[in-house]
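S.K.:
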Amino acid sequence: MPSKVSEVYILGSESIKEKPRLNEGQAYFNILTDGELLPSCLSIRKNEPLRIADVATGTGQLPDLLSSRFVGFDVSSALFPPPQALPAQVTLYEHDIRHQFPAEFISTFNVVHARFLKYAFLNMEWEGVLQNMVSLLKPGGYLLWEDSDYSLYSCIPSSLAFTEMVNFDIEFALNYDNSIISGIDQLR
């Protein structure tokens, strides 16, 4: 079994240098989604605040975009802000999503959010990871998972940098028995 922080995850999640990269990625995604984390169809319960879980929450920056009750989980708390710096409706926990969640969290969330898990798990780990994420959902809840897939990338005209990036993705998948398609296939 890989260590606490997965040996598959190559981006160094416990390094302080990782914090700016994660926050910049969140800021970029915020621009791409026009500041809307949740698709409008998920925000229909106006009379009841949503309870949202974010798995692989990283720096815990995501809840800044939300007014809902937010619980973030990450394999390491090394990049979490201090608890006193968090909004009142936000709680962050150290938890490895390859393992079952404590009973207090089971079936308690309207939305479970995950982003860019592609580089974090081996193919043989996906089924358990997905079962653990889905276990957090209330009946009728939503799993909102945003990720990438090298087979969908395009660049016209192509460039050496683009080709190297795609080749890196393919090589990574082959070397680590890792494929996002394997994870998504578990949902079917």
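In terms of our numbering, the sequence shown opens at residue -3 and continues consecutively. Idealized CB from N, CA, C, for every residue including glycine. Remember, predicted model here, so these are calculated numbers, not experimental data.
Report yes if the C-beta distance between Phe76 and Thr55 is below 9 Å; otherwise report no.
M.R.: As a position in the sequence shown, residue 76 is number 80, starting the count at 1. As a position in the sequence shown, residue 55 is number 59, starting the count at 1. Inclusion of Phe76 and Thr55 in the CB contact set at 9 Å is warranted, their separation being smaller than that value.
S.K.: Which whole-angstrom value describes the C-beta separation of Val108 and Val51, a residue pair presumed to lie in contact below a C-beta threshold of 8 Å?
M.R.: Indexing the sequence shown from 1 puts residue 108 at position 112. Indexing the sequence shown from 1 puts residue 51 at position 55. Indeed they touch by this definition, with Cβ atoms about 7 Å apart.
S.K.: Going by CA-CA distance only, name the one from Phe168, Thr104, Ile27, Glu123 that's closest to His95.
M.R.: Position 99 of the sequence shown, counted from the start, is the residue given in the question as residue 95. The shortest C-alpha separation from His95 is found at Glu123.
S.K.: Could you check how far apart the C-beta atoms of Leu126 and Leu133 are, in whole angstroms? I think they sit under 8 Å.
M.R.: As a first step, residue 126 must be located in the sequence shown, where it is residue number 130. As a first step, residue 133 must be located in the sequence shown, where it is residue number 137. About 11 Å separates the two Cβ atoms, so there is no contact after all.
S.K.: Are the CB atoms of Met129 and Ala110 within a distance shorter than 9 Å?
M.R.: As a first step, residue 110 is located in the sequence shown; it is residue number 114 there, counting from the start. As a first step, residue 129 is located in the sequence shown; it is residue number 133 there, counting from the start. A contact, by the Cβ cut-off of 9 Å.
S.K.: Report the rounded CA-to-CA distance for Ile93 versus Asn119, giving the unit in angstroms.
M.R.: In the sequence shown, residue 93 corresponds to position 97, counting from 1. In the sequence shown, residue 119 corresponds to position 123, counting from 1. Roughly 14 Å between the two C-alpha positions.
S.K.: Looking at the structure shown, is Val226 part of a helix, part of a strand, or coil, going by DSSP?
M.R.: One cannot answer for residue 226 here, as it falls past the ends of the chain, which runs -3 to 184.
S.K.: Under three-state DSSP, which class holds Gly31?
M.R.: Indexing the sequence shown from 1 puts residue 31 at position 35. Residue state, collapsed to three classes: coil.
S.K.: With DSSP run on the structure shown, which of helix, strand or coil describes Glu44?
M.R.: Here residue 44 refers to the residue found at position 48 of the sequence shown. Residue state, collapsed to three classes: coil.
S.K.: Going by CA-CA distance only, name the one from Ala81, Ile48, Gln80 that's closest to Arg65.
M.R.: Along the sequence shown, read from residue 1 onward, the residue named residue 65 stands at position 69. Measuring from the Cα of Arg65, the nearest candidate turns out to be Ile48.
S.K.: So what does DSSP say about Pro135, is it helix, strand or coil?
M.R.: In the sequence shown, counting from the first residue as 1, residue 135 sits at position 139. Of the three classes helix, strand and coil, the one that applies to Pro135 here is strand, per DSSP.
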